[in-house]
Amino acid sequence: MIADFPLKDHPTFLETKTISKFFIERFLSGEVDKVTVLFPRFVNTLTQKPTAVTLLPITSLEEAGLPGDLEPPIPEPAGDIIFEPSPEKILENIVPYYVHFELFQMLLSTRASEHSARMVAMKSATDNAKEIVKDLTLEYNKERQANITKELLEITTAQLALG
């Protein structure tokens, strides 16, 4: 393990930016060839899908492990495209923001998955507890009724014996 980044329960974008800067620095220095993030992607309340996304180098959505239907079709340009400043300069400034945003989005998905799993577990535990209380109440009432019936039989038998 190279580094550890403890986060609060409600992380801010600034906190995750520290982590993504660390990734970018290691990637640009050549210490790592690839940065892949593993996280539970929140689908819905009952479903969290384990996902591995390659943050660096930037790839297409399918290669990154995300659904390809999210990638918009790129229209063919009508003529030459003029970039100002140069495409390299634009990418140099945009890519860090992209990585910061993606990492923050992954962290939010992880937190949503965690809270959802807790909520489902607590609901299940509550439902099980209610079912146990219901079963125990029924068992208690049966036992109580059996004792009342036994006592009535004893009283009746004693009354018949006396006369």
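Sequential numbering of the sequence shown, starting at 0, is according to numbering that gives the first Met the number 0.
Don't be surprised by glycine CBs; every beta carbon is placed ideally from N, CA and C.
Counting only the Cα atoms, leucine 37 lies some 7 Å from proline 49. Within the model, the alpha-carbon separation for proline 74 versus asparagine 92 is close to 24 Å. Contact check for glutamate 14 against valine 52 fails: the beta carbons are separated by 9 Å or more. Distance from the Cα of asparagine 43 is smallest, within the candidate group Glu87, Glu83, Glu153 and Ala111, for Ala111.
Of all alpha-carbon atoms in Pro10, Thr11, Lys20 and Phe12, the one lying nearest the alpha-carbon of alanine 2 is that of Lys20. Around proline 10, the same chain offers Leu106 as residues with beta carbons nearer than 7 Å, after the five sequence neighbours per side are excluded. Excluding residues up to 5 positions away in sequence, Glu14 lie with their Cβ nearer than 8 Å to the Cβ of lysine 7 in the same chain. Around threonine 17, the same chain offers Phe4 as residues with beta carbons nearer than 8 Å, after the five sequence neighbours per side are excluded.
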